[in-house]
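To keep things clear, I will list the structure first and then write my remarks on it.
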Amino acid sequence: MAKTQQFCTFFLQDQFFGVLVEQVQEVIRYQQMTRVPLVPEVIRGLINLRGQIVMALDLRRRLGMEERPESELPMNVVVRTSDGPVSFLVDEIGDVLEASEEAWERPPETLQGQARELVGGVYKLEERLMLVLDTERAVASGEDAVRKLSRTMVQ
Amino acid sequence: MSDAEIVREFLIESYENLDRLDRDLITLEKEPGNPETLASIFRTIHTLKGTSGFLAFNQLEAVAHVGESLLARLRDGQLALTPEITTALLAMVDAVRQMLGNIEAAGNEGERNDQELIATLTSLLESKTETKAAFAPGTYASQSHPSPPSAPDMGARLVCEGGAKASERLEARAQPGERDGEEGEIRAEKGAGKPLDAAEAMASPPPARGQSASDSTIRVDVAQLDRLMNGMSELVLLRNQIVQYSNSTEDSELLGTSQRLNLLTTELQEGVMKTRMQPIGNIWSKFPRTVRDVAVGCGKQVRIEMEGKETELDKTIIEAIKDPLTHLVRNAVDHGIESPAARRGAGKNPEGRLFLRAFHEGGQVNIEITDDGAGLDLEKIRNKAMQKALVSADQAARMTEREITKLIFLPGFSTAEKVTNVSGRGVGMDVVRTNIEKIGGAVDVQSKPGQGTTVRMKIPLTLAIIPALIVASGGDRYAIPQVSLLELVRLEGEQARQGIERVHGAPVYRLRERLLPLVYLNRELKTDGKEQGSGSSPATASSSSETQNVNIVVLRADDRQFGLVVDEINDTEEIVVKPLSKQLKVINTYAGATIMGDGKVALILDVMGLAQRANVVSEVRDRALGEREEQQGPGARNGKQRNAVLLFQYDGNGRMAVDLPLVARLEEFPRHTIERAGGQEVVQYRGQIMPLVRVSEVLEGRRSDPADSGPESLHVVVYSDQGRSVGLVVDRILDIAEESLVIERHTGRKGILGSAVVQKRVTDILDVPGLIAAAGLSHQLARAAEA
Numbered sequence: 027m028a029k030t031q032q033f034c035t036f037f038l039q040d041q042f043f044g045v046l047v048e049q050v051q052e053v054i055r056y057q058q059m060t061r062v063p064l065v066p067e068v069i070r071g072l073i074n075l076r077g078q079i080v081m082a083l084d085l086r087r088r089l090g091m092e093e094r095p096e097s098e099l100p101m102n103v104v105v106r107t108s109d110g111p112v113s114f115l116v117d118e119i120g121d122v123l124e125a126s127e128e129a130w131e132r133p134p135e136t137l138q139g140q141a142r143e144l145v146g147g148v149y150k151l152e153e154r155l156m157l158v159l160d161t162e163r164a165v166a167s168g169e170d171a172v173r174k175l176s177r178t179m180v181q
Numbered sequence: 041m042s043d044a045e046i047v048r049e050f051l052i053e054s055y056e057n058l059d060r061l062d063r064d065l066i067t068l069e070k071e072p073g074n075p076e077t078l079a080s081i082f083r084t085i086h087t088l089k090g091t092s093g094f095l096a097f098n099q100l101e102a103v104a105h106v107g108e109s110l111l112a113r114l115r116d117g118q119l120a121l122t123p124e125i126t127t128a129l130l131a132m133v134d135a136v137r138q139m140l141g142n143i144e145a146a147g148n149e150g151e152r153n154d155q156e157l158i159a160t161l162t163s164l165l166e167s168k169t170e171t172k173a174a175f176a177p178g179t180y181a182s183q184s185h186p187s188p189p190s191a192p193d194m195g196a197r198l199v200c201e202g203g204a205k206a207s208e209r210l211e212a213r214a215q216p217g218e219r220d221g222e223e224g225e226i227r228a229e230k231g232a233g234k235p236l237d238a239a240e241a242m243a244s245p246p247p248a249r250g251q252s253a254s255d256s257t258i259r260v261d262v263a264q265l266d267r268l269m270n271g272m273s274e275l276v277l278l279r280n281q282i283v284q285y286s287n288s289t290e291d292s293e294l295l296g297t298s299q300r301l302n303l304l305t306t307e308l309q310e311g312v313m314k315t316r317m318q319p320i321g322n323i324w325s326k327f328p329r330t331v332r333d334v335a336v337g338c339g340k341q342v343r344i345e346m347e348g349k350e351t352e353l354d355k356t357i358i359e360a361i362k363d364p365l366t367h368l369v370r371n372a373v374d375h376g377i378e379s380p381a382a383r384r385g386a387g388k389n390p391e392g393r394l395f396l397r398a399f400h401e402g403g404q405v406n407i408e409i410t411d412d413g414a415g416l417d418l419e420k421i422r423n424k425a426m427q428k429a430l431v432s433a434d435q436a437a438r439m440t441e442r443e444i445t446k447l448i449f450l451p452g453f454s455t456a457e458k459v460t461n462v463s464g465r466g467v468g469m470d471v472v473r474t475n476i477e478k479i480g481g482a483v484d485v486q487s488k489p490g491q492g493t494t495v496r497m498k499i500p501l502t503l504a505i506i507p508a509l510i511v512a513s514g515g516d517r518y519a520i521p522q523v524s525l526l527e528l529v530r531l532e533g534e535q536a537r538q539g540i541e542r543v544h545g546a547p548v549y550r551l552r553e554r555l556l557p558l559v560y561l562n563r564e565l566k567t568d569g570k571e572q573g574s575g576s577s578p579a580t581a582s583s584s585s586e587t588q589n590v591n592i593v594v595l596r597a598d599d600r601q602f603g604l605v606v607d608e609i610n611d612t613e614e615i616v617v618k619p620l621s622k623q624l625k626v627i628n629t630y631a632g633a634t635i636m637g638d639g640k641v642a643l644i645l646d647v648m649g650l651a652q653r654a655n656v657v658s659e660v661r662d663r664a665l666g667e668r669e670e671q672q673g674p675g676a677r678n679g680k681q682r683n684a685v686l687l688f689q690y691d692g693n694g695r696m697a698v699d700l701p702l703v704a705r706l707e708e709f710p711r712h713t714i715e716r717a718g719g720q721e722v723v724q725y726r727g728q729i730m731p732l733v734r735v736s737e738v739l740e741g742r743r744s745d746p747a748d749s750g751p752e753s754l755h756v757v758v759y760s761d762q763g764r765s766v767g768l769v770v771d772r773i774l775d776i777a778e779e780s781l782v783i784e785r786h787t788g789r790k791g792i793l794g795s796a797v798v799q800k801r802v803t804d805i806l807d808v809p810g811l812i813a814a815a816g817l818s819h820q821l822a823r824a825a826e827a
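Printed below as a string of structure tokens:
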């Protein structure tokens, strides 16, 4: 029997994504955010997570997708990263799924753009495909963007 | 207790012992033959040797053993302490410290060769400098026992056989009650069955583990304290939220409860903060050794004195200032204090004096490092700065002494002509300044040629919870740390329309006749025109048009002032500083974030970063240039100077000005608080007795109203010099003016420097030292300053 892994799943513009369950700290509904001026748009703001200040990244923006309509409030998927918890803003939360390693495949070469570096692989589930998000990269590249931005500002 | 725990205990204890050892050895060098110090050193080494033998750290034991033998000789008066012996003993302490470090890191003493050290110690041991020591052997330690002359050898033998004994000692340590007073008895009881043990107890009084610390203290893991502090911060936030909520309800019971919660939380917060406080003596205690090493290294004689060792600071701050302080101390010895020959030539005591002083003032801690050396060589600094192209020759020629002094804080500046072992390793005064400013402190230097240099720092007590001003801009709230805040200015109506002028497009405001550059927060943050959509903050109204009221927060960044224009100025609050995630730290506009009473997050502005972003302060060179321009102005070249003066009224309608930098504070004292001491009017002020001088009385020779009649309260200008204050009693404070003054000097009138035109009126300029002398107080002040 092949090994299986558990994923916390969510939707972004009709696409189905998964993050390893161990990486997820919690899933919470929309929280009020404080915007942080001067930082890249990917960083939507800061939320107060029971006294801890957590940065919220908009995954749609991160993946170069269309803007979420203003009427739809995003959900927070709080993941643990090496730099403390970070919240990913997603459209909708799916179930926790178990996927077999056999169903895994590399993303196709034709996958281009920002998504290329963030999607670690694809699980071929019966009814749909699940894209596995590399959380560290999703956070780290946000950081790069800030650094790049601050460099250009200095110059 | 597991082995690992025993080793850990051993390490912690040994480190403490070593620190004490350093101190003791330095003390000993000053007072050779002090029996108590010697006994203390001997005990420390003895304990170390015993325990390391038991834990099978043989090399450690071997080194400690020779050291101990040498100490025993000293203690018994068979040897006299020489500088060579002190150096060798200090080298031994270093070797021991290295081994302990290795044990901590790797579990063993490390590959080492201490033969040379051991040989040195042994040779010193055998050098038969028979002397009559400053004390007679047998007057201490072994008073009541017929102490055998062979006590050290016996001790050594005992420890060799000491496996079981040492473990017993370790276990015994865990037993409560075996402390201080009782210790002797317990030891005696144990010793009864064990003659050897008893002998050991005789040879060395019980190891100094209890020392001054008593049963009433426990050792707590710092991580535990950090967690406690974090929890406390959460509680403060929650308290803020509840208090805010309860204020908006009518429920009196809730109001009462929340008030109690408020009080309790504040008390608890103070309590928790206190647990994190450490006396500054903890870092100072290393300095006698540092000073000695540096002084010996460069052939100087330096005595270190300390005052205010018990002044407490938060642990994180203590850690942050440790390196800067060490640097300053080394610097003072290396560069500040002259060689004994030079000092003798200058008619000074060949032994230099380094004075460390710490004290609380206005919610901050002041630390001063004073040396009585040659002072800063301003010419050398000026030349160096030109040589390094930090300032142009033209600029340098026009700089005041004070500005030149400040050059030493510029990056890339070092006056050391050669790179010594001690300094000139790249850690300059600029790093000191950066590190001190990073924790919200400030550093300043004063120097008098031939008399010495004083470096003065102001340090906040704690970092975790700070007072901050809350402002609103573009619908968001921001916190501005109070340390950067100078004053608030609000322009209304007509003023708002006309008060703001432009210098080629750059907005400025005339603050006391000086141009204050204005920075609009919403423009800097690029939030103008973009209100925060989701925030629904109450503060959205006034940002759009400049025709309405203008709120200016006057801030200080470095030595520059600028006005930050915000939509709204709210209260000052105690805020809990939370770090920002790595991603956001890259942008240096924010110092952190905090959670407000309503649970929402607010960013804390980094005033320095913001100033840089707005080009208020830019390159270092510009800054030096700007400072010069700012302080001297165009008028400086005509021999005028720009002064800030405080205007006050005296003797009915006399008008007088006093140099503002001389003024520490303005106070108002109710009449009944005025007391008399030695025929002098005094008032209790900040824990001091402050003499009062009635300006009218001294200048006009007019008897003013006796203390029991006249106005209900006295307006007092507090003048401070060297930690002592004098209060000048005036009729009324009028204004603060900042103008280029041309002072016409008068002679003859005591207490008056001259007169000048201030705000288009002829005004007398007060000579404070002269006034104090005229009032017959100067000797009193001088005496107090010495004390």
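Heads up: the protein sequence lines correspond to chains A and B, in order.
My numbering applies: residue 27 is where the first sequence begins, and numbers increase by one.
My numbering applies: residue 41 is where the second sequence begins, and numbers increase by one.
The beta-carbon is built from N, C-alpha and C at its ideal position, and this holds for glycine as well.
Note that the structure is predicted; figures quoted are calculated from it, not measured.
Just to confirm my understanding: we take residue i, look at its own chain, exclude 5 residues before and 5 after, and list those with CB closer than 6 Å. What are they?
i	result
B/Gly692	none
B/Met469	Ile448 and Phe449
B/Ala253	The predicted position of B/Ala253 is uncertain, since its pLDDT is 44 and thus under 50; a value taken from the coordinates is nonetheless stated next. Excluding sequence neighbours, B/Ala253 sits near nothing in its chain.
Could you check whether the Cβ of residue i sits closer than 8 Å to any Cβ belonging to chain A?
i	result
B/Thr330	no
B/Gly637	no
B/Leu702	no
B/Leu624	yes
B/Ala642	yes
B/Asp266	no
B/Leu732	no
B/Thr474	no
Against chain B, does residue i count as a neighbour if the rule is that its beta carbon must be under 8 Å from one of theirs?
i	result
A/Met101	no
A/Gln51	no
A/Arg117	Strictly speaking, residue 117 of chain A in this sequence is Asp, with Arg absent from that position. Closer than 8 Å: no.
A/Leu137	no
A/Ile54	no
A/Val62	yes
A/Leu195	The question about residue 195 of chain A has no answer here: the residues shown for chain A are numbered 27 through 181.
A/Gln140	no
A/Lys109	The residue you asked about is not Lys; residue 109 of chain A is Asp in the sequence shown. Judged by the 8 Å Cβ criterion, A/Asp109 is in contact with chain B.
A/Gln181	Summary for A/Gln181: the model assigns pLDDT 39, below 50, so the residue's position carries little reliability; its value from the coordinates is reported in the next sentence. Cβ-Cβ to chain B under 8 Å: no for A/Gln181.
Roughly how far, in whole angstroms, is the beta-carbon of residue i from the beta-carbon of residue j, given that I think they are within contact range, below 8 Å?
i	j	result
A/Gly110	B/Ser621	6 Å
B/Leu595	B/Ser524	5 Å
B/Asn683	B/Glu553	No, B/Asn683 and B/Glu553 are not in contact; Cβ-Cβ is about 12 Å, not under 8 Å.
B/Pro521	B/Gly480	6 Å
B/Glu378	B/Ala414	5 Å
A/Val104	A/Val80	7 Å
Give me whichever residues DSSP pairs with residue i in a beta bridge.
i	result
B/Asp775	B/Leu687
A/Thr35	A/Gly44
B/Asp516	B/Ser513
B/Glu408	B/Arg397 and B/Arg496
Considering only residues of the same chain and omitting the five flanking positions on each side of residue i, which have a CB-CB separation below 8 Å?
i	result
B/Leu268	Val312 and Thr315
B/Glu715	Glu721, Val722, Val723 and Gln724
A/Val122	Gln32, Phe33, Cys34, Thr35 and Val47
B/Gly141	none
B/Ser358	Correcting the residue identity first, residue 358 of chain B is Ile in this sequence and not Ser. Answer for B/Ile358: Gln318, Ile320, Asn322 and Ile323, listed in chain order.
Is residue i near the ligand SAH, with its Cβ less than 7 Å from a heavy atom?
i	result
B/Arg115	The ligand SAH is not part of this structure, which contains no ligands at all.
In chain order, what residues of the same chain have a beta carbon less than 7 Å from the beta carbon of residue i, not counting five sequence neighbours either side?
i	result
B/Thr162	Val106
B/Glu564	Leu650, Arg653 and Ala654
(request) At 3 residues or longer, and completely inside the region 352 to 395 of chain B: list those beta strand (DSSP E) runs for me, N to C. (result) As summarised for the region 352 to 395 of chain B, the continuous beta strand (DSSP E) elements at least 3 residues long and confined to that stretch are 352 to 354, given in chain order.
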